[in-house]
Ligand SMILES: NC(=O)c1ccc[n+]([C@@H]2O[C@H](COP(=O)([O-])OP(=O)(O)OC[C@H]3O[C@@H](n4cnc5c(N)ncnc54)[C@H](O)[C@@H]3O)[C@@H](O)[C@H]2O)c1
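Numbering (full-length UniProt numbering), first residue to last: 1 to 301.
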């Protein structure tokens, strides 16, 4: 029997790659997505089952029960910090309701093998030391607060429903980049600036420090966690750069100038960094692409 996986947000930047990966692995794939900002409906080609639905709608609970997948991945979310700051009610209400609905749905699946809640490094907040999975959450904007709410619901459900223990995992990715990312995020903006010669706004003197992972590293990591994981996994290559350093690195790889213009983002977290040892040591995860190989591939045309 083919394994069956249901993916919320499976048309988005990152999880469209995961959807296609599991289709290629021969899995039965069901996607639930409302086709909003960041989505790629062009990948709908009949190779997976698709439901157009907002996961903040309780209807999704019945849908998951009806599909009865072995595995569920909950990645659907309003994923942009600036959007969440402009419309905090919307981001918090939608993302938190989606989280509750998915935890509630998987609780009602007697044959569930694993549920992954997709969280983010931003739940740790700004930090001067590498954060570990057990560290306190300190979200500092509406987006990361909505994601941290899912991490807290994770703890609450494991405690309240012992039958779920061992069946829930959570990922906290650093900044993901690669094909299909829209121009809200820095590396895709840099690519756009090179292609068009339009200057990109560089916030807060380019001092914002982030770690980066290529999107093609994500699908095999997700499969590993679905099959062997339990609990929370940071996912990072531990390669942090300031935006200024990042631009320098891209200029070196491409041999092209990146036009920039200074900008200010109030309340910006200046540094995120995580300890990425757990997934490597306990699950033997190795990235397919190191950072420089990924940059070279992403910027090759
Ligand atoms: N991009 C990153 O660097 C990064 C880093 C860490 C964690 N994450 C997390 O990974 C996940 C995917 O991020 P992304 O960058 O690919 O996002 P994205 O914005 O590109 O895609 C999100 C997808 O979810 C769908 N969606 C949003 N809200 C929905 C709702 N209420 N109901 C149904 N569908 C909905 C959208 O239509 C879209 O297809 C998110 O949960 C995000 O928090 C992203």
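Ideal placement from N, C-alpha and C gives every residue a C-beta, glycine not left out.
Note that this is a predicted model, so its numbers are computed, not measured.
query: Expected contact under 8 Å - CB spacing of residue 77 and residue 9 to nearest Å; result: 7 Å
query: Top-ranked residue by Cα proximity to residue 170, from 176, 141 and 222; result: 222
query: Proximity winner among 300, 69, 56 and 252, relative to residue 1 (alpha-carbon distances); result: 69
query: Residue 120 CB to nearest heavy atom of ligand 1 below 7 Å; result: yes
query: Alpha carbon of residue 16 to alpha carbon of residue 73, nearest angstrom; result: 12 Å
query: Whole-angstrom C-beta distance between residue 230 and residue 166, which should lie under 8 Å; result: 5 Å
query: Where the alpha helix (DSSP H) containing residue 22 begins and where it ends; result: 13-24
query: At least three beta-carbon pairs within less than 8 Å, the segment 30-49 to the segment 76-90; result: yes
query: Where residue 198 falls, given that 16 or more other Cβ within 10 Å makes a residue buried; result: exposed
query: Spatial distance of residue 212 from residue 124 (CA atoms); result: 16 Å
query: Residue 12 versus residue 65: straight-line alpha-carbon distance, rounded; result: 23 Å
query: Under the three-state DSSP convention, the category residue 89 falls into; result: helix
query: Residue 115 to residue 57 span [Cα, whole Å]; result: 19 Å
query: heavy atom of ligand 1 below 7 Å from residue 22 C-beta; result: no
query: Cut-off 8 Å between Cβ atoms - residues of its own chain near residue 207, not counting five sequence neighbours on either side; result: 242, 243, 244 and 270
query: Reference residue 201; option with closest CA among 216, 217, 215 and 183; result: 183
query: Integer Cβ distance of residue 180 from residue 40, believed to fall under 8 Å; result: 6 Å
query: DSSP state of residue 47 mapped onto helix, strand, coil; result: coil
query: Which of helix, strand or coil DSSP assigns to residue 231; result: strand
query: Closer than 7 Å: residue 208 CB and nearest ligand 1 heavy atom; result: no
query: Residue 140 CB to nearest heavy atom of ligand 1 below 7 Å; result: no
query: Counterpart residues of residue 34 in DSSP-defined beta bridges; result: None; residue 34 has no bridge partner.
query: Beta carbon of residue 233 nearer than 8 Å to that of residue 133; result: yes
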